[in-house]
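Quick note, the sequences are listed as chains W and A, same order.
Letter by letter, the first sequence follows residues 1 to 117 in my numbering.
Letter by letter, the second sequence follows residues 1001 to 1113 in my numbering.
From the three backbone atoms N, C-alpha and C, an ideal C-beta is built for every residue, glycine too.
These numbers were taken from a predicted model, which means no experiment stands behind them.
The next block holds one structure in the form of structure tokens; read it before the comments.
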Amino acid sequence: GAVVSQHPSRVICKSGTSVKIECRSLDFQATTMFWYRQFPKQSLMLMATSNEGSKATYEQGVEKDKFLINHASLTLSTLTVTSAHPEDSSFYICSASAGSANTGELFFGEGSRLTVL
Amino acid sequence: GNSVTQMEGPVTLSEEAFLTINCTYTATGYPSLFWYVQYPGEGLQLLLKATKADDKGSNKGFEATYRKETTSFHLEKGSVQVSDSAVYFCALSDGRGYQKVTFGTGTKLQVIP
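Quick look at the structure:
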């Protein structure tokens, strides 16, 4: 089946620094990828939709200057958490859709756990 | 808008017990329905899906039937194992292009030996 890989799986950084998380579709082309944030014991919150070659579409309440998304190719999307603060600590997950547009099935990366000290 | 409601957890069962996790949904049109599973420390994996009414999705002994009349997609397994311990998410997509998927809040299952 389709494989989506995220890197890094865990990252610890100091407050005020920026962190980049990569999401790659390994065996298919993904014109659209999605970025989610998951808080402990809660569901996934969609942050933004990443479109190859164009600007990302952010959900209401998500700061686009804080969470920079770049979808430079059909197999790679990156999420950069800028000037990270402890409240940005979370589990970030990306997903991509493959195959028929009408099935809606998503393939997820392994997730990246960010800890900001 | 679309929404998914799942039973709250955690659900604790003994090994070989019968599992049901309830899921109901609200959506316009004819959504596709999914169950995703998240093992500790990992991302989500698709467990099973159904794309139209009366379809039954099945995988690894888990089953769920798309019930349009009751807008439900309950997850069942006849005999759970310790390795089934995970968080289970019910989800739907409304079938319009590379669409957003709406997730339920997740139900944590713990299976004890």
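Between residue i and residue j, what straight-line distance do the alpha-carbon atoms span, to the nearest angstrom?
i                       : j                       : result
residue 1024 of chain A : residue 1059 of chain A : 20 angstroms
residue 76 of chain W   : residue 48 of chain W   : 15 angstroms
residue 15 of chain W   : residue 90 of chain W   : 14 angstroms
residue 66 of chain W   : residue 1015 of chain A : 45 angstroms
residue 102 of chain W  : residue 1028 of chain A : Summary for residue 102 of chain W: the model assigns pLDDT 48, below 50, so the residue's position carries little reliability, and this model does not support an answer.
residue 64 of chain W   : residue 58 of chain W   : 7 angstroms
residue 1050 of chain A : residue 1011 of chain A : 24 angstroms
residue 1033 of chain A : residue 20 of chain W   : 32 angstroms
residue 1066 of chain A : residue 84 of chain W   : 42 angstroms
residue 13 of chain W   : residue 35 of chain W   : 20 angstroms
residue 1062 of chain A : residue 69 of chain W   : 36 angstroms
residue 74 of chain W   : residue 30 of chain W   : 5 angstroms
residue 1100 of chain A : residue 1093 of chain A : 6 angstroms
residue 1071 of chain A : residue 109 of chain W  : 29 angstroms
residue 1108 of chain A : residue 28 of chain W   : 31 angstroms
residue 44 of chain W   : residue 1089 of chain A : 9 angstroms
residue 1056 of chain A : residue 1017 of chain A : 21 angstroms
residue 37 of chain W   : residue 112 of chain W  : 10 angstroms
residue 93 of chain W   : residue 6 of chain W    : 8 angstroms
residue 1082 of chain A : residue 1113 of chain A : 6 angstroms
residue 1052 of chain A : residue 25 of chain W   : 28 angstroms
residue 17 of chain W   : residue 50 of chain W   : 23 angstroms
residue 1021 of chain A : residue 1046 of chain A : 16 angstroms
residue 1003 of chain A : residue 1105 of chain A : 10 angstroms
Consult DSSP for residue i and reduce its assignment to one of helix, strand or coil.
i                       : result
residue 87 of chain W   : helix
residue 1079 of chain A : coil
residue 1050 of chain A : strand
residue 1024 of chain A : strand
residue 1063 of chain A : strand
residue 117 of chain W  : coil
residue 1005 of chain A : strand
residue 1057 of chain A : strand
residue 1039 of chain A : coil
residue 96 of chain W   : strand
residue 4 of chain W    : strand
residue 102 of chain W  : At residue 102 of chain W the pLDDT is 48, less than 50, meaning the model places this residue with poor confidence; the figure from the coordinates comes in the next sentence. Three-state DSSP puts residue 102 of chain W in coil, outside helix and strand.
residue 141 of chain W  : This structure cannot settle anything about residue 141 of chain W, because the visible part of chain W is limited to 1 through 117.
residue 1034 of chain A : strand
residue 1070 of chain A : coil
Would residue i be called buried (16 or more neighbouring beta carbons within 10 Å of its own) or exposed?
i                       : result
residue 1079 of chain A : exposed
residue 1030 of chain A : exposed
residue 78 of chain W   : buried
residue 10 of chain W   : exposed
residue 39 of chain W   : exposed
residue 1075 of chain A : buried
residue 1006 of chain A : buried
residue 72 of chain W   : exposed
residue 1036 of chain A : buried
Could you give the uninterrupted runs of the beta strand (DSSP E) lying entirely in the segment 1083-1107 of chain A, keeping only those of 3 residues or more?
Counting whole runs of 3 or more residues, the segment 1083-1107 of chain A contains the beta strand (DSSP E) stretches 1086-1093, 1101-1103.
Residues in the segment 1039-1070 of chain A with C-beta within 9 angstroms of chain W's C-beta atoms, listed in sequence order?
Considering only beta carbons, the part of the segment 1039-1070 of chain A lying closer than 9 angstroms to chain W consists of 1041, 1042, 1043, 1044, 1045, 1046, 1049, 1051, in chain order.
Where the segment 1099-1110 of chain A meets chain W: residues whose CB sits under 7 angstroms from a CB there
Answer in chain order: 1099, 1100, 1101, 1103, 1104, 1105, 1106.
May I ask you to list, following chain order, the residues of the segment 5-32 of chain W that have a beta carbon less than 8 angstroms from some beta carbon of chain C?
Although the question refers to chain C, the structure presented lacks it and instead comprises the protein chains W and A.
Going residue by residue through the segment 7-85 of chain W, where are the continuous beta strand (DSSP E) segments of at least 3 residues, counting only ones entirely within it?
For the segment 7-85 of chain W, whole beta strand (DSSP E) runs of length 3 or above, ordered along the chain, are 10-13, 19-25, 32-38, 44-51, 67-73, 76-81.
Can you list, in chain order, the residues of the segment 48-67 of chain W whose Cβ is nearer than 8 angstroms to any Cβ on chain A?
Taking 8 angstroms as the Cβ-Cβ cut-off, the segment 48-67 of chain W approaches chain A at 49, given in chain order.
Interface positions of the segment 1005-1018 of chain A facing chain W (Cβ-Cβ less than 8 angstroms), listed along the chain:
None of the residues of the segment 1005-1018 of chain A has a beta carbon lying less than 8 angstroms from any beta carbon of chain W.
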